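Chemist: Residue numbers (the numbering used here): 481 to 1025.
The C-beta atom is built at its ideal place from N, Cα and C for all residues, glycine as well.
Since this is a predicted model, take the numbers as computed values, not measurements.
1) Decide if residue 588 is buried, meaning its Cβ has at least 16 other Cβ atoms within 10 Å, or exposed.
2) Excluding the 5 residues preceding and the 5 following residue 692 in the sequence, name in chain order all residues of the same chain whose CB lies nearer than 6 Å to its CB.
3) Looking only at its chain, what residues have a beta carbon closer than 8 Å to the beta carbon of residue 804, apart from the 5 residues adjacent to it on each side?
4) Work out the CA separation of residue 765 and residue 730 for me, nearest whole Å.
5) Under a Cβ-count criterion, where at least 16 other Cβ atoms within 10 Å of its own Cβ denotes burial, should residue 784 be classed as buried or exposed?
6) Rounding to the nearest angstrom, what Cα-Cα distance links residue 877 and residue 902 in this structure?
7) State yes or no: is the C-beta of residue 767 nearer than 7 Å to some heavy atom of the ligand NAP?
8) So does the stretch 520-530 actually touch the stretch 744-764, counting three or more Cβ pairs closer than 8 Å?
9) How big is the Cα-Cα spacing for residue 1017 and residue 597?
10) What does residue 1022 pair with, by DSSP beta-bridge criteria?
11) To the nearest angstrom, report how far apart residue 990 and residue 982 are at their CA atoms.
12) Does the Cβ of residue 483 have 16 or more other Cβ atoms within 10 Å, making it buried, or fewer, making it exposed?
13) Measure the CB-CB distance between residue 1040 and residue 797 and report whether it falls below 8 Å.
14) Do you know whose CA, among 551, 815, 971, lies nearest residue 894's CA?
15) Going by alpha carbons, who is nearest to residue 839 out of 975, 890, 565, 523?
16) Give me the Cα-Cα distance between residue 860 and residue 952, rounded to the nearest whole angstrom.
17) With the cut-off set at 8 Å, would you say residue 707 and residue 853 are in Cβ contact?
18) With which residues is residue 998 paired in a DSSP beta bridge?
19) Scan the stretch 782-861 and note each continuous alpha helix (DSSP H) run of 4 residues or more that stays entirely inside, going in chain order.
20) With a floor of 4 residues, list each alpha helix (DSSP H) that falls wholly inside the stretch 618-683, ordered by position along the chain.
21) Suppose only complete runs of 3+ residues qualify. What are the beta strand (DSSP E) ranges in the stretch 674-744, listed by chain order?
22) Write down the C-beta distance between residue 659 and residue 615 rounded to the nearest angstrom, noting that I regard them as a contact closer than 8 Å.
23) For residue 568, name the three-state secondary structure that DSSP assigns.
24) Tell me whether residue 992 sits in a helix, a strand or coil according to DSSP, three-state version.
25) Smallest Cα separation from residue 1002: which of 1019, 996, 992, 1023?
26) Taking the alpha-carbon of residue 613 as reference, which of 874, 624, 600 has the nearest alpha-carbon?
27) Let me know if residue 892 comes out buried or exposed under the rule of 16 or more other beta-carbons within 10 Å of its beta-carbon.
28) Identify which residue in 842, 984, 940, 719 has its Cα closest to the Cα of residue 957.
29) Cα separation between residue 510 and residue 582?
30) Among residues of its own chain, excluding the 5 on either side of residue 808, which ones have a beta-carbon nearer than 6 Å to its beta-carbon?
31) Is residue 865 helix, strand or coil when you go by DSSP?
32) Take residue 888 and list the residues in its own chain whose beta-carbon comes closer than 6 Å to its own, dropping the five residues that flank it on each side.
33) Which whole-angstrom value describes the C-beta separation of residue 674 and residue 931, a residue pair presumed to lie in contact below a C-beta threshold of 8 Å?
34) In whole angstroms, give me the CA-to-CA distance for residue 925 and residue 907.
35) Taking the C-alpha atoms as reference points, what is the distance between residue 872 and residue 574?
36) What is the rounded straight-line gap between the Cα of residue 539 and the Cα of residue 882?
This is the structure in structure tokens:
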């Protein structure tokens, strides 16, 4: 089995872009195959999987997961992209041109100018019908993602946006010509350049919105694949077909990408063993060991997910969780070493909420996340819960229960009884977004990837739409704003350390661990390596068979 060894990956912030404020265009990536890969071959179908069906396709709507992102990244495109490929680390954030050939950031960090690539066309699907992309599409898309309850005097179908926090402080979006976009902010805004490469800020066509009133039901972009709605069947398979008019068509070798819907892990494993699946990523150590033993010829890439698991504590439902002593007791009752050993074979590292690998040393993280059951019991008693406390944890019917049960057993040692409420996704997500729960184990990912700001400001600022648990900490709000306005990399890093220390001192959503993952591919799958920016890494695969 071909194995790529794991490293704890550092998540860069992209701040060096302010030192080199102008990026020049690069030629489309083509040429010889990467080292260790076969010569490219055209044709064929790549079969992957999704554990559940996508909910809807509108990026404004809250609740988008990796399932949606896998399709977004193949159908839609962004202004910039994060470099991907078989020799690129999972968490690498090297920016490259995409729909924008070059970009420039003003010295004060308030103006972002993008020069668009000419000749790029939307998919030849009604109502867009293959027309050329212009700066008006960028302006409309950003206006839509940043809008409140209304846009152009009309109430939006998704009144609460899951993407508007990426545009806070937006002043104007200017389009001086068809290929130039100028985005202006009221104050310095360091994270924005990374957000323009996020799959959650793709460029969409206004015609779809004008026809439907939203983007929920149709996937029409400029990307390398088109969504084949007729061949797709909810609960069974999602199909994508090669876009013949793609602006980098020479890079696309596959004819079709299939995503089969399989929720059961043992069924997934059987499908990979019998080569009904070409690629598969698992996050359970025992499953990964079993797959390795049963598939010795498979290629394996192991990595650490740079966004950790956390235990969300909702302030909106339980008065007990509004008490910092109770929150600290919960954090102290979590044995993170046991989580690492049991779930990830000892490879996982402790996770500080709001942080990412490399911001703190392992020694610092351990000191900020003490494991002390006796002290946890004392804090509960001081808060008035000497006889114990019962809390509800909501989980979905597709969740693996082992990590939840481990948390349950650990908290019980401190006198906290955890009762599970298992819900189908369509009932679970609305409760999550309105904070109607006591506990929820968040596995990270999704939107919280493009810049560290997304899981700092996005989750913990008092006004953010992603602050589901109701954190309302004025001191922390000031710290978070400082992380957005700091343009110097060293100063921004220090501002983030300060904010993370505050988050963990107050035990807002205690971190658990950075999970490990094992990405398997059949030996004939070439030019594939998973990346945090979901979806597009499958676009340029070829099959050596």
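Modeler: Judging by the given coordinates:
1) exposed
2) none
3) 986, 987
4) 38 Å
5) buried
6) 6 Å
7) Absent from the structure shown: the ligand NAP. Ligands present: none.
8) yes
9) 21 Å
10) 1006
11) 12 Å
12) For residue 483, the predicted structure reports a pLDDT of 44, less than 50, and the residue's modelled location is therefore unreliable. A value from the coordinates is still provided. Classification of residue 483: exposed, given that the 10 Å Cβ count is below 16.
13) Residue 1040 lies beyond the stretch modelled for the chain, which goes from 481 to 1025, so this question has no answer here.
14) 815
15) 975
16) 22 Å
17) no
18) 762, 782
19) 804-812, 816-824, 842-848
20) 672-675
21) 705-707, 717-722, 736-741
22) 6 Å
23) coil
24) coil
25) 1023
26) 600
27) exposed
28) 940
29) With a pLDDT of 34 at residue 510, under the threshold of 50, the predicted position of this residue should be treated as unreliable, though the coordinate-derived value follows. Taking the straight line joining both Cα atoms gives about 19 Å.
30) 859, 987
31) coil
32) 898
33) 4 Å
34) Caution applies to residue 925, whose pLDDT of 49 falls short of 50 and renders its modelled position unreliable; the model cannot decide the point.
35) 41 Å
36) 31 Å
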